[in-house]
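A.B. asks: In order, the protein sequence lines correspond to chains A and B.
With our numbering as the guide, the letters of the first sequence map in order to residues 3 to 407.
With our numbering as the guide, the letters of the second sequence map in order to residues 77 to 183.
Positions of the beta carbon are idealized from the N, C-alpha and C atoms, including for glycine.
Only a predicted model underlies this, so the values are computations on that prediction, with no experimental measurement involved.
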Amino acid sequence: MTPGVVIVGTGQGGFQTAVSLRSEGYDGPITLIGEEPHLPYQRPPLSKGFLAGKQQAHHVTLRPAPFYGDHQIELLAGEQVIELDRTRRRVQLSSGAQIPYKALVLAVGASIRKLTVPGADLDGVCYLRTFDDSTDLKARLLRASEVIVIGGGFIGLEFAAVARSQGKPVTVVEVQPRLMARAVSPVISETFEILHGGHGVEFVYGIGVSEIMGTAGRVGEIVLSDGTRRKADLVVAGIGVLPNMALARHAGLAVDNGVVVDEYLRTSDENIYAIGDCAEHPNSFAGGRTRLESVQNAVDQAACAAAAIAGRASPYCEVPWFWTEQYDVKLQMAGLSAGYESAIPRGTPESRKFSVFYFRGERLIAVDSVNRPGDHLAARKLLASAASLTPAQAADEGFDLKTHR
Amino acid sequence: MPKITYISYSGDQKQVEVPIGDSVMEGAVQNGIDGIVAECGGSCMCATCHVYVEEQFLDRLNPIEETEEEMLGSTAAERKPNSRLSCQLAVTDVFEGLIVHTPPTQK
Numbered sequence: 003m004t005p006g007v008v009i010v011g012t013g014q015g016g017f018q019t020a021v022s023l024r025s026e027g028y029d030g031p032i033t034l035i036g037e038e039p040h041l042p043y044q045r046p047p048l049s050k051g052f053l054a055g056k057q058q059a060h061h062v063t064l065r066p067a068p069f070y071g072d073h074q075i076e077l078l079a080g081e082q083v084i085e086l087d088r089t090r091r092r093v094q095l096s097s098g099a100q101i102p103y104k105a106l107v108l109a110v111g112a113s114i115r116k117l118t119v120p121g122a123d124l125d126g127v128c129y130l131r132t133f134d135d136s137t138d139l140k141a142r143l144l145r146a147s148e149v150i151v152i153g154g155g156f157i158g159l160e161f162a163a164v165a166r167s168q169g170k171p172v173t174v175v176e177v178q179p180r181l182m183a184r185a186v187s188p189v190i191s192e193t194f195e196i197l198h199g200g201h202g203v204e205f206v207y208g209i210g211v212s213e214i215m216g217t218a219g220r221v222g223e224i225v226l227s228d229g230t231r232r233k234a235d236l237v238v239a240g241i242g243v244l245p246n247m248a249l250a251r252h253a254g255l256a257v258d259n260g261v262v263v264d265e266y267l268r269t270s271d272e273n274i275y276a277i278g279d280c281a282e283h284p285n286s287f288a289g290g291r292t293r294l295e296s297v298q299n300a301v302d303q304a305a306c307a308a309a310a311i312a313g314r315a316s317p318y319c320e321v322p323w324f325w326t327e328q329y330d331v332k333l334q335m336a337g338l339s340a341g342y343e344s345a346i347p348r349g350t351p352e353s354r355k356f357s358v359f360y361f362r363g364e365r366l367i368a369v370d371s372v373n374r375p376g377d378h379l380a381a382r383k384l385l386a387s388a389a390s391l392t393p394a395q396a397a398d399e400g401f402d403l404k405t406h407r
Numbered sequence: 077m078p079k080i081t082y083i084s085y086s087g088d089q090k091q092v093e094v095p096i097g098d099s100v101m102e103g104a105v106q107n108g109i110d111g112i113v114a115e116c117g118g119s120c121m122c123a124t125c126h127v128y129v130e131e132q133f134l135d136r137l138n139p140i141e142e143t144e145e146e147m148l149g150s151t152a153a154e155r156k157p158n159s160r161l162s163c164q165l166a167v168t169d170v171f172e173g174l175i176v177h178t179p180p181t182q183k
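(1) I need the straight-line Cα distance from Ser390(A) to His406(A), nearest angstrom please.
(2) Beta carbons nearer than 8 angstroms to chain A: which residues of the region 131-165 of chain B have them?
(3) Would you kindly report the start and end of the unbroken beta strand (DSSP E) that includes Thr151(B)?
(4) Just the C-alpha distance for Ser162(B) and Glu85(A), rounded to the nearest angstrom, thanks.
(5) Please identify the residue among Val7(A), Asp330(A), Met215(A), Val237(A) whose C-alpha is closest to the C-alpha of Lys170(A).
(6) Strictly under 9 angstroms for the Cβ-Cβ distance: is Lys140(A) near chain B by that measure?
(7) Give the C-beta separation of Ile209(A) and Ser227(A) to the nearest angstrom, bearing in mind that I take them to be a contact with Cβ-Cβ under 8 angstroms.
(8) Below 8 angstroms on the Cβ atoms is my contact criterion, and I expect Ser357(A) with Ser187(A) to pass it. Report the Cβ-Cβ distance as a whole number of Å.
(9) Taking 6 angstroms as the limit between beta carbons, can you name the residues of its chain near Lys404(A), skipping five residues before and five after?
(10) Given a cut-off of 9 angstroms, decide if Ile224(A) and Arg232(A) are closer than it, judged by their beta-carbon atoms.
(11) So what does DSSP say about Ser212(A), is it helix, strand or coil?
(12) Between Gly16(A), Pro5(A), Met3(A), which lies nearest to Ala307(A) when the distance is taken from Cα to Cα?
(13) With respect to the alpha helix (DSSP H) encompassing Lys383(A), which residues constitute its N-terminal and C-terminal limits?
(14) Could you name the residues of chain A that Glu93(B) contacts, counting a contact when the two beta carbons are closer than 9 angstroms?
(15) Taking only the alpha-carbon atoms, compute the straight-line gap between Arg365(A) and Glu213(A) and give it to the nearest angstrom.
(16) Of the choices Thr89(A), Arg354(A), Val151(A), Phe324(A), whose alpha-carbon is the least far from that of Leu106(A)?
(17) How is Cys122(B) classed by DSSP in three states: helix, strand or coil?
(18) Would Ile96(B) be called buried (16 or more neighbouring beta carbons within 10 Å of its own) or exposed?
(19) Determine which residues of the region 371-399 of chain A have a Cβ less than 9 angstroms from any Cβ of chain B, and write them out in chain order.
(20) If you draw a straight line from the alpha carbon of Ile35(A) to that of Ala109(A), how long is it in whole angstroms?
(21) Excluding the 5 residues preceding and the 5 following Gly219(A) in the sequence, name in chain order all residues of the same chain whose CB lies nearer than 7 angstroms to its CB.
(22) For Pro245(A), does the three-state DSSP call read helix, strand or coil?
(23) Is there contact between the region 115-123 of chain A and the region 34-53 of chain A, where contact requires at least three CB pairs shorter than 8 angstroms?
(24) Whose C-beta lies closer than 6 angstroms to the C-beta of Val206(A) among residues of the same chain, with five residues either side of it excluded?
(25) Considering only C-alpha positions, which residue in the set Glu148(A), Val331(A), Ala368(A), Tyr329(A) is nearest to Pro347(A)?
(26) Report the residue from Glu141(B), His177(B), Thr168(B), Gln91(B) whose alpha carbon sits nearest the alpha carbon of Asn158(B).
(27) Restricting to Cα atoms, I'd like to know which of Ile150(A), Leu333(A), Gln303(A), Leu48(A) is closest to Asp135(A).
(28) Please compile the residues from chain A whose C-beta is within a distance smaller than 8 angstroms of the C-beta of Val105(B).
(29) Does DSSP put Thr401(A) in a helix, a strand or coil?
(30) Taking only beta carbons into account, state which residues of the region 321-342 of chain A come closer than 9 angstroms to chain B, listed in chain order.
(31) Give a yes or no on contact between the region 293-302 of chain A and the region 133-148 of chain A, applying the rule of three or more CB pairs nearer than 8 angstroms.
(32) Run through chain B and tell me which residues come within less than 8 angstroms of Phe69(A), C-beta to C-beta.
(33) Does DSSP classify Ile175(B) as helix, strand or coil?
(34) Short check: CB of Lys332(A) to CB of Ser119(B), under 9 angstroms?
(35) For the region 252-260 of chain A against the region 269-279 of chain A, are there 3 or more C-beta pairs whose distance is under 8 angstroms?
(36) On the CB-based measure, 16 or more other CB atoms within 10 Å of its CB, does Gln68(A) come out buried or exposed?
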């Protein structure tokens with residue numbers, strides 16, 4: 003077997019690597035290996051339309067089965083890579099097969115962080131990351147009568163929105179004093195608190211969960227760290243993810259907060275790349291090394307690694323962007339707002355159609371847009387070109403962001 | 077199922093049947109048609125499923141809503157009077173025979 007490109011991970015990043023290699027003109031073998039027994043699929047709908055029953059399985063599948071054969075991409079779904087032999091340049095699969103590589107791409111993603119409190123293993127304590135998780139939760143949600151969401155981040159809030167839309171009583175428990183605190187500024191948090199409050203979601207802030215209790219192995223109530231108890235027959239925890247680094251670590255690759263890569267997304271072994279949720283990479287928008295969990299980051303890093311493998315290496319420098327949808331509100335984020343010094347609104351939060359421009363010193367570093375997709379796309383261009391924008395221009399709704407350079 | 081024809085910028089043409097209720101974007105993606113990226117998966121978030129609809133079909137389509145209008149203002153390829161985001165075109169019986177052209181670039 004001629005060694006080709008082996009891609010470990012069939013998420014959005016792994017899938018896109020294969021597609022981009024072909025569009026870059028690479029015509030050698032491509033093997034795409036994933037642990038889940040499914041065709042590569044998109045994750046965003048799993049906490050939105052698919053969970054709500056508005057989208058079916060074929061809508062979340064990235065491409066139908068014949069696509070892979072048509073593009074000479076060997077898809078091994080339901081196979082686990084258990085070892086990476088860098089000396090012989092081959093991967094060992096749990097099924098016993100060994101596959102040689104010329105270049106290897108680790109698109110191994112991240113795994114949910116699990117609750118560790120007593121009772122966390124009770125039936126009815128759930129997480130949302132995979133297609134199977136979402137399918138299971140969709141059924142559980144229909145039967146649920148009291149829902150508690152642990153974690154007021156994107157996943158928790160998207161789940162809460164779907165649960166409320168089905169009329170289920172929902173309480174969100176968030177250890178921080180506000181929602182999505184790691185990602186957005188207080189004015190955005192407040193907008194979403196009002197939105198969810200208007201739909202009947204209850205919030206508990208600044209408190210953790212100390213125990214989950216139940217009978218006959220089923221969840222019945224949770225105990226908060228202040229001793230109060232709340233009934234629940236469905237608990238969904240959205241408390242973040244951890245990068246999958248075991249394979250890289252055992253192979254002796256550099257790992258830190260993820261698999262360590264350079265600006266070309268190469269690991270400490272020049273024949274091995276790492277992309278997406280698992281890759282700790284230098285990022286000028288972060289002002290240093292970071293790890294990002296997003297579709298944009300997975301897709302753009304896939305294209306960057308594929309170009310490098312095809313002999314057209316250029317440093318990764320794409321503008322980070324993210325989105326979430328809750329009820330009828332879209333929040334789109336461009337850039338990375340951490341460390342901002344001033345937050346300038348464009349439009350009013352009350353209108354639920356506004357953006358917030360974040361500046362560090364005189365420099366625009368990020369823009370969050372609520373139901374203003376035009377601002378979001380303009381912001382991505384402004385950030386990509388490092389255009390200078392003043393806070394006054396940002397706040398002036400008459401100022402045309404689209405044509406500003 | 078209505079038949080929809082996708083014509084790429086370089087002139088490649090492919091006709092496929094798209095189930096009622098699916099979008100014109102999904103029809104392309106599920107049939108392996110290049111030229112539509114649909115990075116956000118159909119959430120009207122990314123403007124990378126831009127198509128030009130042949131004029132004679134324009135009045136059969138659902139009207140452009142506010143979000144799509146805003147996104148169309150920022151497509152990578154030139155916006156024309158017949159520009160649409162294909163994720164916002166949910167297929168109905170009247171789409172039978174629809175012809176769309178994909179632009180030179182989506183990103």
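C.D. replies: Reading from the atomic positions:
(1) Here residue 390(A) corresponds to residue number 388 of the first sequence, with the count starting at 1. Here residue 406(A) corresponds to residue number 404 of the first sequence, with the count starting at 1. Taking the straight line from one Cα to the other gives about 9 angstroms.
(2) Taking 8 angstroms as the cut-off between beta carbons, the residues of the region 131-165 of chain B near chain A are Thr143, Glu146, Met147, Gly149, Ser150, in sequence order.
(3) Looking up residue 151(B) in the second sequence gives position 75. First-last for Thr151(B): undefined, no H or E at that position.
(4) Here the question's residue 162(B) lines up with position 86 in the second sequence. Here the question's residue 85(A) lines up with position 83 in the first sequence. Roughly 43 angstroms between the two C-alpha positions.
(5) In the first sequence, counting from the first residue as 1, residue 170(A) sits at position 168. Lys170(A) has its Cα closest to that of Val237(A), out of Val7(A), Asp330(A), Met215(A), Val237(A).
(6) Position 138 of the first sequence holds residue 140(A). It does not; no Cβ of chain B falls within 9 angstroms.
(7) Taking the first sequence and counting its residues from 1, one reaches residue 209(A) at position 207. Taking the first sequence and counting its residues from 1, one reaches residue 227(A) at position 225. Between Ser227(A) and Ile209(A) the Cβ distance is about 5 angstroms, and since that is below 8 angstroms, they are a contact.
(8) Indexing the first sequence from 1 puts residue 357(A) at position 355. Indexing the first sequence from 1 puts residue 187(A) at position 185. About 11 angstroms separates the beta carbon of Ser357(A) from that of Ser187(A), a gap too long to meet the 8 angstroms contact definition.
(9) One-based indexing of the first sequence puts residue 404(A) at position 402. Sequence-distant partners of Lys404(A) (beyond 5 residues in either direction) whose C-beta falls short of 6 angstroms from its own C-beta, in its chain, are Ala380.
(10) As a first step, residue 232(A) is located in the first sequence; it is residue number 230 there, counting from the start. As a first step, residue 224(A) is located in the first sequence; it is residue number 222 there, counting from the start. A contact, by the Cβ cut-off of 9 angstroms.
(11) As a first step, residue 212(A) must be located in the first sequence, where it is residue number 210. Three-state result, Ser212(A): strand.
(12) In the first sequence, residue 307(A) corresponds to position 305, counting from 1. Ranking Gly16(A), Pro5(A), Met3(A) by Cα distance to Ala307(A) puts Gly16(A) first.
(13) One-based indexing of the first sequence puts residue 383(A) at position 381. Secondary structure note for Lys383(A): its alpha helix (DSSP H) is the uninterrupted segment 375-386.
(14) Position 17 of the second sequence, counted from the first residue, corresponds to residue 93(B). Those do not exist, as Glu93(B) stays about 13 angstroms from chain A at its closest Cβ, beyond 9 angstroms.
(15) Looking up residue 365(A) in the first sequence gives position 363. Looking up residue 213(A) in the first sequence gives position 211. Taking C-alpha positions only, Arg365(A) is separated from Glu213(A) by approximately 45 angstroms.
(16) Here residue 106(A) refers to the residue found at position 104 when the first sequence is read from its first residue. For the residues Thr89(A), Arg354(A), Val151(A), Phe324(A), the minimum Cα distance to Leu106(A) belongs to Thr89(A).
(17) Within the second sequence, residue 122(B) is the residue found at index 46, counting from 1. Note: Cys122(B) maps to coil in three-state DSSP.
(18) For the purposes of this step, residue 96(B) is identified with residue 20 of the second sequence, where counting begins at 1. Using a 10 angstroms sphere on the CB of Ile96(B), the tally of other CB atoms stays under 16, which defines it as exposed.
(19) Taking a C-beta cut-off of 9 angstroms against chain B, the contacting residues of the region 371-399 of chain A are Asn373, Arg374, Pro375, Gly376, Asp377, His378, Leu379, Ala380, Arg382, Lys383, listed in chain order.
(20) Here residue 35(A) refers to the residue found at position 33 of the first sequence. Here residue 109(A) refers to the residue found at position 107 of the first sequence. Ile35(A) and Ala109(A) have their C-alpha atoms some 10 angstroms from each other.
(21) In the first sequence, the residue the question calls residue 219(A) occupies position 217. The answer, listed in chain order, is Leu124, Asp125.
(22) Position 243 of the first sequence, counted from the start, is the residue given in the question as residue 245(A). In the structure shown, Pro245(A) adopts extended strand secondary structure according to DSSP, grouped into three states.
(23) No, they do not touch.
(24) Reading the first sequence from its first residue, position 204 is the one you call residue 206(A). Excluding its 5 nearest sequence neighbours in each direction, Val206(A) has C-beta neighbours in its own chain below 6 angstroms: Val175, listed in chain order.
(25) Sequence index remark: in the first sequence, residue 347(A) carries index 345 (1-based). Cα-wise, what sits closest to Pro347(A) is Ala368(A).
(26) To locate residue 158(B), count along the second sequence from 1; it is residue 82. Cα-wise, what sits closest to Asn158(B) is His177(B).
(27) Mapped onto the first sequence, residue 135(A) falls at position 133. Taking Asp135(A) as reference, the option from Ile150(A), Leu333(A), Gln303(A), Leu48(A) with the minimal CA-CA separation is Leu48(A).
(28) Your numbering for residue 105(B) matches position 29 in the second sequence. For a Cβ distance threshold of 8 angstroms, residue set Leu64, Arg65 of chain A lies close to Val105(B), ordered along the chain.
(29) Sequence index remark: in the first sequence, residue 401(A) carries index 399 (1-based). Correcting the residue type first, residue 401(A) is Phe in the shown sequence and not Thr. DSSP places Phe401(A) in coil when its eight states are reduced to three.
(30) Cβ proximity to chain B below 9 angstroms picks out Trp323, Trp325, Glu327, Lys332, Gln334 from the region 321-342 of chain A.
(31) The answer is no - the region 133-148 of chain A does not touch the region 293-302 of chain A, with fewer than three Cβ pairs under 8 angstroms.
(32) Locating residue 69(A) in the first sequence gives position 67, counting from the first residue. The answer, in chain order, is Gly108.
(33) Counting from one through the second sequence, the residue named residue 175(B) turns up at place 99. Reduced to three states, the DSSP call for Ile175(B) is strand.
(34) Here residue 332(A) corresponds to residue number 330 of the first sequence, with the count starting at 1. Here residue 119(B) corresponds to residue number 43 of the second sequence, with the count starting at 1. The answer is yes: Cβ separation under 9 angstroms.
(35) With a cut-off of 8 angstroms, the region 269-279 of chain A and the region 252-260 of chain A count as touching, because enough Cβ pairs lie within range.
(36) On the first sequence, residue 68(A) is found 66 positions in, with the first residue counted as 1. The sequence given here places Pro at residue 68(A); Gln does not occur at that position. In the assembly as shown, Pro68(A) is an exposed residue. Its beta-carbon has fewer than 16 other beta-carbons within 10 Å.
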